[in-house]
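Quick note on our numbering: the sequence shown kicks off at 410 and runs consecutively.
A virtual CB, placed ideally from N, CA and C, is assigned to each residue, including glycine.
Down below is the structure, laid out as structure tokens.
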Amino acid sequence: MAQKCIFGPIISRRLGSSLGINLLPHKTCSLNCIYCECGITTNLTIERKEYIPTLEVMESLKKYAASSRFRNAPPYCITFAGWGEPTLHSSLGEIAHFIKKLFPEQKLVLITNGTLFALHEGLLEEVKEMDIIIPSLDAASPQALQMIDRPHPQITLNSYLESLASLRKHFLGEIWLEIFIVEGINDSEKELVSLKEKIALISPHRVQINALDRKPAQEGVKSPPLTRLEEIARFLGGEVIPSLPRVSTVMV
Ligand code: SF4
Numbered sequence: 410m411a412q413k414c415i416f417g418p419i420i421s422r423r424l425g426s427s428l429g430i431n432l433l434p435h436k437t438c439s440l441n442c443i444y445c446e447c448g449i450t451t452n453l454t455i456e457r458k459e460y461i462p463t464l465e466v467m468e469s470l471k472k473y474a475a476s477s478r479f480r481n482a483p484p485y486c487i488t489f490a491g492w493g494e495p496t497l498h499s500s501l502g503e504i505a506h507f508i509k510k511l512f513p514e515q516k517l518v519l520i521t522n523g524t525l526f527a528l529h530e531g532l533l534e535e536v537k538e539m540d541i542i543i544p545s546l547d548a549a550s551p552q553a554l555q556m557i558d559r560p561h562p563q564i565t566l567n568s569y570l571e572s573l574a575s576l577r578k579h580f581l582g583e584i585w586l587e588i589f590i591v592e593g594i595n596d597s598e599k600e601l602v603s604l605k606e607k608i609a610l611i612s613p614h615r616v617q618i619n620a621l622d623r624k625p626a627q628e629g630v631k632s633p634p635l636t637r638l639e640e641i642a643r644f645l646g647g648e649v650i651p652s653l654p655r656v657s658t659v660m661v
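Written out as structure tokens, the structure reads:
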């Protein structure tokens with residue numbers, strides 16, 4: 410699959426109009442979530458490096474900033490997302506700084522699985538210019554972590570929680586914690602009670618409950634019905650992320 414640096418703007422379920430930034434070749438991540446909409450992780454790694462040339466990303470952004478597409482319909486935000494875990498790119502901080510200067514009116518958003526903040530010194534410093542960080546946490550037990558997120562061997566539940574706590578402690582912007590609910594794995598009372606305790610330790614600004622919206626990486630993955638998701642959201646002190654009509658994504 411050819412690599413793309415920027416895509417959209419798309420209408421995001423949470424963020425409205427959003428230009429996406431992809432910093433990774435398909436599919437590079439520290440997790441291999443069974444529900445991933447990008448497919449199976451083929452490069453399961455915690456190594457930070459320049460997976461896509463930083464200059465290529467900056468050139469694409471400059472081109473977009475000078476385009477009539479941007480002038481006529483500027484997006485609400487610019488979001489690091491794409492084909493894997495954005496914090497694996499070793500120039501994330503440099504690119505974030507570049508974006509803040511080039512697009513001062515747009516919110517800068519990072520969608521991340523949040524696993525790497527305790528494993529890589531300096532990463533917290535690199536994300537300080539984000540306006541909103543959306544990390545995820547799907548599991549409150551090592552078993553659920555293995556069943557849903559299938560992490561790199563160096564990531565444990567403890568290192569994951571430590572990573573999210575450290576992000577909350579040092580990051581001054583908004584943190585919206587995303588929890589993906591998989592039927593039969595993390596929707597039991599025991600798991601949810603434990604998740605609630607972990608959420609209290611992290612103390613995010615918002616808790617957002619996510620469920621299948623597209624084809625998952627693993628066949629057979631199911632989300633509970635909406636009424637159950639709403640019940641879970643109430644219990645965890647959060648909200649269910651609404652579904653949107655399907656829109657096409659323009660890769661540029
Ligand atoms: S963390 Fe995100 S990109 Fe990585 S496997 Fe999970 S859902 Fe996919």
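Select from the options the residue whose C-alpha is nearest the C-alpha of residue i.
| i | options | result |
| --- | --- | --- |
| F526 | P633, K578, W492 and R480 | K578 |
| D622 | G417, F416, N431 and C447 | C447 |
| Q563 | L586, I641 and L453 | L453 |
| L566 | L586, D547 and E583 | D547 |
| G417 | K516, Y473 and Q617 | Y473 |
| I443 | V616, K607 and I594 | I594 |
| I611 | F512, K471 and S545 | S545 |
| V602 | L428, I508 and S550 | S550 |
| L581 | V616, E535 and L554 | E535 |
| I420 | G429, C414 and K413 | G429 |
| L433 | M539, P462, R422 and S572 | P462 |
| I650 | A505, G531 and L586 | L586 |
| G491 | D596, L604 and K413 | K413 |
| P625 | N441, I455, G502 and D540 | N441 |
Does DSSP put residue i in a helix, a strand or coil?
| i | result |
| --- | --- |
| N522 | coil |
| V649 | strand |
| R655 | For R655, the pLDDT reaches just 46, beneath the cut-off of 50, and the residue's location in the model is therefore unreliable, although a value from the coordinates is still provided. Coil. |
| E587 | strand |
| S612 | coil |
| I430 | strand |
| S603 | helix |
| I415 | strand |
| I618 | strand |
| L424 | coil |
Taking buried to mean at least 16 other C-beta atoms within 10 Å of its own C-beta, is residue i buried or exposed?
| i | result |
| --- | --- |
| A609 | exposed |
| T496 | buried |
| K436 | buried |
| K537 | exposed |
| R643 | exposed |
| T658 | At T658 the pLDDT is 39, less than 50, meaning the model places this residue with poor confidence; the figure from the coordinates comes in the next sentence. Exposed, by the Cβ-count rule. |
| G647 | buried |
| L635 | exposed |
| H614 | exposed |
| N481 | exposed |
| P560 | buried |
| T450 | buried |
| G629 | exposed |
| K607 | buried |
| P513 | exposed |
| Q617 | buried |
How about residue i: is its Cβ closer than 7 angstroms to a heavy atom in the ligand ZN?
| i | result |
| --- | --- |
| K509 | Absence of the ligand ZN from the depicted structure is noted, with the ligand SF4 being the only ligands included. |
Any heavy atom of the ligand SF4 nearer than 5 angstroms to the CB - residues listed:
C438, L440, C442, C445 and N522
Secondary structure, alpha helix (DSSP H): runs of 4+ residues fully inside the region 540-580
For secondary structure counted as the alpha helix (DSSP H) over 4 or more consecutive residues, the region 540-580 holds these complete runs in sequence order: 566-579.
Which full runs of the beta strand (DSSP E) of 3+ residues lie inside the region 440-517, going along the chain?
486-490
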